[in-house]
Amino acid sequence: MTSSTTARRAALRRFAAAAAAVASFSPFLSTQAAEPQVLRVSAIPDEAPTELQRKFKPLGEYLSQATGMKVVFTPVTDYAAVVESLATRKLDLAWLGGFTYVQARIRTGGTAIPLVQREEDARFTSRFITADPTIQGLADLKGKTFAFGAPSSTSGSLMPRYFLQQAGVQPERDFKTVAYSGAHDATVAFVAAGKAQAGVLNASVWDKLVETKKVDPSKVRVFATTPPYFDYNWTVRGDLDPAVVQKIKAAFLALDPAKPEHKAILELQRASRFIATEPRNYDGIEDAAKTAGLLK
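Residue numbers (the UniProt record's numbering): 1 to 296.
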């Protein structure tokens, strides 16, 4: 056997081995390529984690069908965690309050994009509640114990604080104590249990708690409502694929209350429908945060 023949046979053996390796690896490649892209979603914890999961499940399934992506919802422990996760690209899409969006806009250097809001969020309000018969108006809160929601909550802290200040009430100066319950439903529990003589939460959660009979309005009542302001929205990180962004936005805008399957999703979100939103809608919230000393 010549040396050239031996060399050719060795080369053929190497080729066959390489081909076998590629063949054995190719199913892995095709499997990987078939796996759907993941859309990572979260929300500010303005209600109990179990409630957030319950509300999001059908919406997540709808978004998965509309985008062709696997949607993974991850609850977080506090408002700051959502902002930070969006800024560090650990999240793609987040349900934010108006103030949390402003924080995300600042934290991401202006790249976070507010896509859609519920129609109700264009004229959102907060409700001041109490079980104390001596409290009939905001001026009666002086000398009383009071509970806000989370410090970064738009409707449970920032805007109520702003409107209190406009009415001449300075919480740290005028209230006996100031507490932060951490969530809107927790604020109601604080007031109902007497841990605070009054508190404030967003109108949507209050209405839901009344409708589901989780609060007795004859014992805990609304005594004041704020003027309207812009609040919640769905925000994406700024460097998300523009094609994906458009699919997400289109999916929200396509939700139609005339369709039973869509109506169920909208009802869980407490939305009549979703509408497009834009950064300038939240300029007033940024101004209020600066006035309250929460932003420089």
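Heads up, the beta-carbon is just placed ideally off N, CA and C, and yes, glycines get one too.
Minimum C-alpha distance to residue i - residue among the options
{"i": "D121", "options": "F230, T226 and T50", "result": "F230"}
{"i": "E100", "options": "A81, R89 and Q166", "result": "Checking the sequence, you will find Thr at residue 100 rather than Glu. Comparing Cα positions, the closest option is A81."}
{"i": "L188", "options": "E172, Q170, K208 and V169", "result": "The identity of residue 188 in the sequence shown is Val, whereas the question assumes Leu. It is K208."}
{"i": "D132", "options": "A193, L255 and G182", "result": "A193"}
{"i": "S155", "options": "E172, K290, T125 and D92", "result": "T125"}
{"i": "V169", "options": "E267, L115 and G143", "result": "G143"}
{"i": "P217", "options": "W206, I265 and A94", "result": "W206"}
{"i": "F274", "options": "F148, D78, P114 and T67", "result": "P114"}
{"i": "A147", "options": "A66, Q37, Q197 and Q117", "result": "Q197"}
{"i": "I106", "options": "Q65, R123 and L86", "result": "L86"}
{"i": "R63", "options": "V244, D283, Q103 and E267", "result": "Note on identity: in this sequence residue 63 is Leu, with Arg being the wrong assignment. Of the candidates V244, D283, Q103 and E267, the one whose C-alpha sits nearest the C-alpha of L63 is V244."}
{"i": "Q269", "options": "Y232, D283 and G98", "result": "Y232"}
{"i": "A104", "options": "E267, W234, A167 and R173", "result": "W234"}
Alpha-carbon spacing of residue i relative to residue j, whole angstroms
{"i": "T74", "j": "R161", "result": "30 Å"}
{"i": "P140", "j": "F175", "result": "Note that residue 140 is Asp in the sequence shown here, rather than Pro. Their backbone Cα atoms lie some 10 Å apart in a straight line."}
{"i": "F128", "j": "V236", "result": "31 Å"}
{"i": "F223", "j": "D185", "result": "17 Å"}
{"i": "T145", "j": "G199", "result": "9 Å"}
{"i": "E47", "j": "P242", "result": "31 Å"}
{"i": "V76", "j": "E84", "result": "11 Å"}
{"i": "A250", "j": "L96", "result": "19 Å"}
{"i": "T111", "j": "K55", "result": "27 Å"}
{"i": "L91", "j": "E211", "result": "33 Å"}
{"i": "A289", "j": "G182", "result": "18 Å"}
{"i": "N281", "j": "K195", "result": "35 Å"}
{"i": "L295", "j": "F163", "result": "17 Å"}
{"i": "S30", "j": "D256", "result": "For S30, the predicted structure reports a pLDDT of 34, less than 50, and the residue's modelled location is therefore unreliable. A value from the coordinates is still provided. So the alpha carbons of these two residues sit roughly 37 Å apart."}
{"i": "L138", "j": "T177", "result": "15 Å"}
{"i": "M159", "j": "L52", "result": "23 Å"}
{"i": "K214", "j": "L201", "result": "15 Å"}
{"i": "A271", "j": "A264", "result": "10 Å"}
{"i": "L93", "j": "T291", "result": "29 Å"}
{"i": "S157", "j": "P151", "result": "6 Å"}
{"i": "G68", "j": "R40", "result": "13 Å"}
{"i": "E261", "j": "Y79", "result": "30 Å"}
{"i": "Q136", "j": "Q37", "result": "54 Å"}
{"i": "T225", "j": "P279", "result": "25 Å"}
{"i": "I248", "j": "K219", "result": "42 Å"}
{"i": "T130", "j": "F252", "result": "36 Å"}
{"i": "R123", "j": "P228", "result": "5 Å"}
Enclosing beta strand (DSSP E) for residue i [first to last residue]
{"i": "S42", "result": "V38 to A43"}
{"i": "F252", "result": "Looking at the DSSP string, F252 is not in any beta strand (DSSP E); the run it does join, the alpha helix (DSSP H), is P242 to A254."}
Per DSSP, cross-strand counterpart(s) of residue i
{"i": "I275", "result": "Q117"}
{"i": "W95", "result": "A43 and W234"}
{"i": "Y180", "result": "F148"}
{"i": "K124", "result": "The amino acid at residue 124 is misidentified as Lys; the sequence shows Phe. Answer is Y229, bridged to F124."}
{"i": "R280", "result": "Per DSSP, none; premise fails for R280."}
{"i": "V71", "result": "L39"}
{"i": "V222", "result": "I129"}
8 Å Cβ cutoff, residue i in contact with chain D
{"i": "P114", "result": "No chain D appears in the structure shown, which is made up of a single protein chain."}
With 16 other Cβ atoms within 10 Å as the buried cut-off, status of residue i
{"i": "Q246", "result": "exposed"}
{"i": "P45", "result": "buried"}
{"i": "S153", "result": "buried"}
{"i": "A276", "result": "exposed"}
{"i": "E286", "result": "buried"}
{"i": "A203", "result": "buried"}
{"i": "A254", "result": "exposed"}
{"i": "G109", "result": "exposed"}
{"i": "S42", "result": "buried"}
{"i": "T88", "result": "exposed"}
{"i": "G293", "result": "exposed"}
{"i": "V191", "result": "buried"}
{"i": "A23", "result": "Here A23 scores only 38 on pLDDT, less than 50, and its place in the model should not be relied on; the value that follows carries that caveat. A23 should be labelled exposed."}
{"i": "T134", "result": "exposed"}
{"i": "Q65", "result": "exposed"}
{"i": "T50", "result": "exposed"}
{"i": "A258", "result": "exposed"}
Where the alpha helix (DSSP H) containing residue i begins and where it ends
{"i": "G199", "result": "That residue, G199, is in no alpha helix (DSSP H); its beta strand (DSSP E) goes A198 to N202."}
{"i": "T67", "result": "P49 to T67"}
{"i": "S85", "result": "Y79 to A87"}
{"i": "F175", "result": "Here F175 belongs to no alpha helix (DSSP H), and DSSP marks it neither H nor E."}
{"i": "P260", "result": "P260 to L268"}
Contact test: residue i Cβ vs the ligand NAD heavy atom, cutoff 7 Å
{"i": "S153", "result": "This structure lacks the ligand NAD; in fact it carries no ligand of any kind."}
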